[in-house]
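Read through the structure below, which is laid out as structure tokens, and then see the notes.
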Amino acid sequence: MIYFPGKRYYFGYKLNANENFFSTSKNIIFLVKIIAKNFEKLKFYPDSDNFYFTQIISKIYDLKKEEIFICNGSDEGLFFLFFLFKNFKIKIPKISYPFYNVYSNFNKIYTKKIKYKKIINFNNIVFPSPNSPYGIFFKKKEIIKKINKKNFIIIDEAYCEFYNMGYTKYININNNLIIVKTLSKSFSLAGSRIGIIFSNERIIKKLNFIKHCFNSYTIDTINNLIGIESIKDSNYLYYKMQKNNFFKLLLNFFFEKKNEGNFICIPKNIDFYFYFSKKYFFFRNYNSLLRITISNYFILKKIIKNYFLWS
């Protein structure tokens, strides 16, 4: 079993991959000018320890440097975690991120697939919060009472900034809570492939051991700088989240399917899907639903206009 990404289109409006349509931090514009004057640095290997990036992250999230692991996108981080826990019986949601199945099969892990709403009742679990593709999530108290030292709980927080409910502050040496984050969604950096894992020092040390068995150099020199400037710009992140939630609210007036993320989901309608495909709007097609990425105002107006023409 392998993973097939959302189909790449070179024309029209690609709304099938949950990419963030709002621009990256303006800090990067100034960074490009700095990089242009320092191209000589590219002849050296990148910093394997991501020293400065880790320092910035530790201050922003109020964690120790030893509780932070930086990787080439959260997908790589998730693969390392599945490899780390390959001797455990892992529970994953029946309908969720396809890579969970891919990594389980690749590492020959015995997994049990549970309905998303019931997975919180089990031990040694991996799940996104909010879930993809539905955008639903658990109440905070349900997750907190599952955090303990005997079992691990991996929370994939790819979309957590869109609803402002993360669990990083609950990490400590007395539990096995693991948080996986990405800069692809909320920070609009899908092209840079930057992922972060937060956990206790013991687990992070094991992840670093695995990393050095594969590739000692995680993210490259330029993406290291891009990550630093983006994650520092908390004001711009907040601004983007407000814009995303506003546009999602507008779309919910027409499609009536609320969720938490940078997308909306609607019941599958073949006529709707093919009508919009002919108009060069490309949505993610699942068995029972269509997922539409929240786009900018220009594309949003076109979606609403065509919705009225279709209906």
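Using my numbering, the letters of the sequence shown correspond one by one to residues 52 to 362. For each residue, glycine too, the CB sits at the ideal point set by N, CA and C.
Handout entry: Residue of Tyr358, Ser109, Leu341 minimising C-alpha distance to Leu66
Key = When each option's Cα is compared against that of Leu66, the closest is Leu341.
Practice task
For Ile279, verify whether its CB is less than 6 Å away from any heavy atom of the ligand SAM.
Solution key: Of the ligands one can find in the structure shown there are none, so the ligand SAM has no counterpart to examine.
Handout entry: Range covered by the beta strand (DSSP E) that runs through Gly278
Key = Where Gly278 is concerned, there is no enclosing beta strand (DSSP E), although the alpha helix (DSSP H) it sits in stretches over 272 to 283.
Exercise for the section: Give the secondary structure of Gly124 by DSSP, where H, G and I count as helix, E and B as strand, and everything else as coil. Expected result: Here Gly124 sits in helix by DSSP.
Exercise for the section: Could you work out which residue in Leu258, Cys316, Lys192 is closest to Glu127 when comparing CA atoms only? Expected result: Taking only the C-alpha atoms, the option nearest Glu127 is Leu258.
Practice task
Following the continuous alpha helix (DSSP H) through Leu82, name the residue where it begins and the one where it ends.
Solution key: From DSSP, the alpha helix (DSSP H) with Leu82 extends over 78 to 87.
Handout entry: Integer-rounded CB distance, given that Ile230 should sit under 8 Å from Asn250
Key = Looking at the sequence itself, residue 250 is Ser, so the reference to Asn does not match. About 7 Å separates the two Cβ atoms, so the contact holds.
Practice task
For Arg253, count neighbouring Cβ atoms within 10 angstroms of its own Cβ and tell me buried if that reaches 16, exposed if not.
Solution key: Arg253 is exposed by the Cβ-count criterion.
Exercise for the section: Determine which residues share a DSSP beta bridge with Asp207 and list them. Expected result: Bridge partners of Asp207: Pro179, Val231.
Practice task
Rank Lys164, Asn138, Asp207 by C-alpha distance to the C-alpha of Lys145 and give the top, closest one.
Solution key: Comparing Cα positions, the closest option is Lys164.
Practice task
Take the Cβ of Glu212 as the centre, count every other Cβ of all protein chains shown within 10 Å, and call the residue buried at 16 or more, exposed below.
Solution key: Burial call: buried.
Exercise for the section: Helix, strand or coil for Ile365, going by three-state DSSP, please let me know. Expected result: The first residue shown for the chain is 52 and the last is 362, placing residue 365 beyond what the model contains.
Practice task
Could you pull out every residue in the same chain whose Cβ sits closer than 6 Å to the Cβ of Ser235, ignoring the five residues on either side in sequence?
Solution key: If you ignore the 5 residues before and after Ser235, its C-beta comes within less than 6 Å of the C-beta of Ala241, all in its own chain and listed in chain order.
Handout entry: CA-to-CA distance, Tyr161 to Ile80, given in whole angstroms
Key = If you draw a straight line from the Cα of Ile80 to the Cα of Tyr161, it comes to about 46 Å.
Practice task
Take Asp445 as the anchor and find which of Ser183, Asn226, Asp98, Lys140 has the nearest alpha-carbon.
Solution key: Shown here, the chain extends from 52 to 362; a query on residue 445 therefore has no answer.
Handout entry: Three-way DSSP call (helix, strand, coil) for Tyr214 in this model
Key = Correct three-state label for Tyr214: coil.
Exercise for the section: Consider the Cβ of Lys197: report whether some Cβ of chain D lies at a distance smaller than 7 Å. Expected result: No chain D appears in the structure shown, which is made up of a single protein chain.
Practice task
State the beta-bridge partners of Thr269 as determined by DSSP.
Solution key: Within the DSSP bridge table, the entry for Thr269 names no partner.
Handout entry: Ile317, DSSP secondary structure in three states
Key = Of the three classes helix, strand and coil, the one that applies to Ile317 here is strand, per DSSP.
Practice task
Classify Asn338 as helix, strand or coil using the three-state DSSP reduction.
Solution key: Residue state, collapsed to three classes: coil.
Problem - Neighbourhood of Tyr358 by C-beta, 6 Å cutoff - its chain only, sequence neighbours within 5 removed - result: For Tyr358, where only same-chain residues beyond five positions count, the Cβ hits under 6 Å are Phe305.
Practice task
Determine the DSSP secondary structure at Tyr64, reduced to helix, strand or coil.
Solution key: Strand at Tyr64.
Practice task
May I ask you to list the residues that DSSP assigns as paired with Lys142?
Solution key: Looking at the DSSP assignment, Lys142 forms a beta bridge with Lys163, Ile176.
Handout entry: Contained alpha helix (DSSP H) runs [length at least 4] in the region 233 to 267, N- to C-terminal order
Key = Runs of the alpha helix (DSSP H) inside the region 233 to 267: 252 to 265.
Handout entry: Euclidean distance between Cα positions of Tyr64 and Ile350
Key = C-alpha separation (whole angstroms): 8 Å.
Handout entry: Local conformation of Ile343 per DSSP, three classes
Key = Ile343: strand per DSSP, three-state reduction.
Problem - Cutoff 8 Å; reference Lys291; Cβ partners in own chain excluding five residues on either side - result: Same-chain partners within the cutoff: Asn71, Phe73, Ser237, Ser239.
Practice task
Using the DSSP secondary-structure output, state which residues sit across from Phe332 in a beta bridge.
Solution key: Answer is Tyr64, bridged to Phe332.
Practice task
Give me the Cβ distance between Ser180 and Phe173, rounded to the nearest whole Å; I'm assuming they're in contact under 8 Å.
Solution key: Phe173 and Ser180 do not touch by the CB rule: their CB atoms are close to 15 Å apart, not below 8 Å.
Problem - Straight-line Cα distance separating Phe334 from Ile321 - result: If you take the alpha carbons of Ile321 and Phe334, they lie about 12 Å apart.
Exercise for the section: Could you have a look at Ile224 and say whether DSSP puts it in helix, strand or coil? Expected result: Looking at Ile224 - three-state DSSP - the assignment turns out to be coil, as it is neither helix nor strand.
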